[in-house]
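Peer 1: So for the sequence shown, the working numbering puts the first residue at -12; every next one is plus one.
Before I ask anything, here is the structure I am working with.
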Amino acid sequence: MTNVRSRIKEIRDRANTATPGHWGVYYDGNGTYTIESQPRLIPGVGNVREGVVALLHGDHEDAQPYKDSDFIARAREDVPFLLDRVAELERVLARAASPEPCRWEGRVCVTHSWGSDTGSCPHGEAHQLLGGAA
Ligand SMILES: [Zn+2]
């Protein structure tokens, strides 16, 4: 779990120190995709951007540079979204991760507030996922 924790921290650090978003993609019509930071149209001025994040070169007919540039540009907002979602799910998981033994009342484990038609409670698995011993 230490490796998972440190990797998530490293990913968040990279996301927090990358060029601020949003990022967009400009295609030159000849195979080059420019990933731009904060591209926007200013009436009376035209298209502006804060900077260039990356350039991808390919042939005009290549689909891969288009797909790669879309992936990179969207990562600016997708990665923080996913990190926040992981944190949210870990908070929910923590509630079910108590190592206390299950105590069933009918189809509900009242120890972990878990209802189940199958008579199983995920507290052990939740405990392991959050770094506890099996
Ligand atoms: Zn339980």
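In this text, a Cβ means the ideal position worked out from N, Cα and C, and glycines have one as well.
Since the model is a prediction, treat every value here as computed from it, not as a measurement.
Excluding the 5 residues preceding and the 5 following Arg(-1) in the sequence, name in chain order all residues of the same chain whose CB lies nearer than 6 Å to its CB.
Peer 2: Leu70
Peer 1: DSSP on Thr19, reduced to helix/strand/coil?
Peer 2: strand
Peer 1: Please look up how many angstroms separate the CB atoms of Ala41 and Ala83, rounded, as I've assumed it's under 8 Å.
Peer 2: About 41 Å separates the beta carbon of Ala41 from that of Ala83, a gap too long to meet the 8 Å contact definition.
Peer 1: Report the rounded CA-to-CA distance for Leu43 versus Thr21, giving the unit in angstroms.
Peer 2: 7 Å
Peer 1: Compare the beta carbon distance of Glu23 and Tyr13 with 8 Å and say whether it is the shorter of the two.
Peer 2: It is a contact, given that the beta carbons lie within the stated cut-off.
Peer 1: Helix, strand or coil, according to DSSP, for His114 in the structure here?
Peer 2: helix
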